[in-house]
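Down below is the structure, laid out as C-alpha cells.
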Amino acid sequence: MKIKDLEYFVALIKLKNFTAVADQFGVSQPTITYAVKRLEEEFDTKLIRRDQSHQSIIITDSGEQLNRHAVNILNEIQLTTNDMQNLSATELRFGLPPIIGTYYFSKLAQKLVKAGSIQHFATVDGGSTELLASLEAGRLDAALLGSATPLENDALTAEIIEQHHFKIVVSPKSPLATAKKVAFRDLANENFIMLAEGFVHPVVFDTLSTMNQMNPDIIYQTNDVSILKSMVHENVGVGFLTETAITPADDLIVLDLLDQPQPTFYISLAYRKIQLFSATQQALLGTLTTAAKEYRLEQQNSDTNL
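In terms of numbering that gives the first Met the number 0, the sequence shown is residues 0 to 305.
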C-alpha cells in the first residue's frame with residue numbers, strides 16, 4: 000500500500016471530484032483513478048461508485064471506513080515526521096493559557112532568565128481546552144494546563160505542579176467587603192461577573208451552583224480577566240476567580256469559600272507520553288520544574304512567616 004494512494008483517496012472523499020483532486024496534487028486524473036483501483040484491489044472491495052448523472056462519486060460503506068483509518072494513518076505519519084525532526088530541536092513549543100501565563104508563569108520567568116533558558120520557550124497562547132487539543136495533535140511539545148480536576152489522558156503525562164483555590168472577589172464598596180469568608184449558597188441574590196466559556200471557571204461555577212441548587216444571575220461574561228476585575232472593583236457585581244489570578248494591586252476584597260470540599264484549580268505540566276525530547280528540551284523541562292518547586296517553597300515560607 001502506498002501512502003500517496005491514501006492521500007489521494009482522502010482528498011477524493013473530501014472533494015468528491017477526480018479532476019479537483021488531480022489539480023490539487025498536480026497530477027493527471029488517471030493517476031487518481033489508478034490509486035483508487037489499487038486500494039480496492041488491496042482490500043478486495045468497492046470503495047466508491049461514480050454517479051454519472053451528477054458528475055460526482057458515491058462513497059460506499061467500505062470507502063467511509065477506509066477514509067476514517069486513512070485520516071488517522073496520515074495524521075500519525077505527519078506526527079512521526081514532526082517528532083523525528085524534533086529530536087534535534089533547541090526550542091520548546093510551549094502552550095500557556097492566559098491566566099497561567101500572566102499570573103503564574105510570569106513568576107517563574109525570572110528564574111528561567113537566570114538559568115539562561117527563557118528564550119528557548121516558544122510560547123503559544125490559548126485556552127486550556129484548545130492547547131490540550133494542540134498538544135495531542137503534536138503541534139505543541141508541552142503545556143501548562145489548568146483544570147478543575149487532575150488531568151487524566153491516556154496519551155499524556157500530566158504532572159500537577161500547583162494547586163490553587165477559587166475565591167469570591169468583591170469591591171471595597173460592596174456590603175460583602177467586611178466578610179472574610181462566605182458560603183456559595185449565600186450569594187444566591189448577587190450579580191456575577193464571570194469569565195467566558197473556555198476557562199475552567201464556568202465549569203467549577205456550574206458545579207457549585209448545582210450542588211447548592213442555585214441559578215445565580217450572571218450579568219456579564221468576558222474573556223479578559225482585567226475587565227472582570229475592573230467591573231468588580233466598580234461594584235457592578237461580584238467575581239469568581241482562582242487565586243492564581245488575584246494580586247494585591249487589584250484593590251479587591253478576597254473572600255474564602257466555606258464550601259467543602261474546596262473547588263481546586265490544578266496547574267499541570269503536560270506532554271505526550273510517546274514523544275522523546277531533545278537534550279535541550281529535556282533540560283528546559285527540568286529547569287521549568289525546578290523553578291516551579293522553588294517558587295512553591297518560597298510561597299510556603301512566606302505564608303509561614305505571616
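The beta-carbon is built from N, C-alpha and C at its ideal position, and this holds for glycine as well.
Values in this document were obtained by computation on a predicted structure and should not be read as measured data.
**Request:** Using DSSP bridges, identify the partner residues of I159.
**Result:** S267
**Asked** Which whole runs of the alpha helix (DSSP H) in the stretch 50 to 93 are 4 residues long or more, in chain order?
**Response** 60 to 85
**Asked** Within 10 angstroms of its Cβ, does V112 collect 16 or more other Cβ (buried), or is it exposed?
**Response** exposed
**Request:** Give the single residue among I245, V20, I76 and R37 whose Cα lies nearest to the Cα of I167.
**Result:** Looking from the CA of I167, the closest CA among I245, V20, I76 and R37 belongs to I245.
**Prompt:** Rounded to whole angstroms, how far is the Cβ of S127 from the Cβ of S146, which I believe are closer than 8 Å?
**Reply:** 7 Å
**Message:** In the DSSP output, what is Q220 paired with across the bridge?
**Reply:** M193
**Message:** Assuming D43 is part of the beta strand (DSSP E), what are its boundary residues?
**Reply:** It is not in any beta strand (DSSP E) - D43 carries neither H nor E in the DSSP assignment.
**Prompt:** Looking only at its own chain, which residues have a Cβ that is under 6 Å from the Cβ of L11, when we skip the five neighbours before and after it?
**Reply:** V20
**Asked** According to DSSP, what are the bridge partners of S146?
**Response** Y265
**Prompt:** What residue from D223, N222 and T206 has the CA that sits closest to P215's CA?
**Reply:** T206
**Prompt:** So what does D124 bridge to, in DSSP terms?
**Reply:** Paired residues: L95.
**Asked** Mind checking M83: buried by the 16 CB within 10 Å criterion, or exposed?
**Response** With fewer than 16 neighbouring CB atoms inside 10 Å of its own CB, M83 falls in the exposed class.
**Asked** Straight-line CA distance for S277 to F93?
**Response** 14 Å
**Request:** Consider the C-beta atom of H119 and the heavy atoms of the ligand ATP; say whether any pair is separated by less than 7 Å.
**Result:** In terms of ligand content, the structure shown is empty, and the ligand ATP therefore cannot be addressed.
**Contact the stretch 171 to 185 vs the stretch 232 to 240: 3+ CB pairs below 8 Å** = yes
**Message:** Once the 5 residues before and after L65 are set aside, which same chain residues still bring their CB inside 8 Å of it?
**Reply:** Excluding positions up to five away in sequence, the list reads F8, L38, F42 and L46.
**Request:** Tell me whether the beta-carbon of T288 lies closer than 8 Å to the beta-carbon of A114.
**Result:** no
**Prompt:** Beta carbon of I107, beta carbon of A291: below 8 Å?
**Reply:** In the sequence under discussion, the amino acid at residue 107 is Leu, which differs from the Ile named in the question. Their beta carbons are under 8 Å apart, which means L107 touches A291 by this criterion.
**Prompt:** Is the beta carbon of Y270 less than 8 Å from the beta carbon of A141?
**Reply:** yes
**Beta-carbon proximity check, L251 vs K180, cutoff 8 Å** = A distance of 8 Å or more separates the beta carbons of L251 and K180.
**Whole-number beta carbon distance between I56 and R48, since they are thought to touch under 8 Å** = 7 Å
**Buried/exposed call for P97, threshold 16 Cβ in 10 Å** = Looking at its Cβ environment, which holds 16 or more other Cβ atoms inside 10 Å, P97 is buried.
**Asked** Beta carbon of L95, beta carbon of D60: below 8 Å?
**Response** Not a contact, by the Cβ cut-off of 8 Å.
**Message:** Quick check on D205: does DSSP put it in helix, strand or coil?
**Reply:** helix
**Request:** Using alpha carbons as the reference points, say which of I159, I31, I160 and K110 lies closest to L14.
**Result:** I31
**Prompt:** By the 10 Å Cβ neighbour count, where 16 or more other Cβ atoms means buried, how is Q228 classified, buried or exposed?
**Reply:** For the sequence presented, residue 228 should be read as Lys rather than Gln. So K228 ends up on the buried side.
**Message:** My output table needs one value for G285: the three-state DSSP class, helix, strand or coil.
**Reply:** helix
**Request:** With DSSP collapsed to three states, give me the class of K1.
**Result:** Three-state DSSP puts K1 in coil, outside helix and strand.
**Asked** If you check the beta carbons only, do F264 and H119 fall under 8 Å apart?
**Response** no
**Message:** Which same chain residues end up closer than 7 Å to A178 when comparing Cβ atoms and leaving out the 5 residues on each side of it in sequence?
**Reply:** L254
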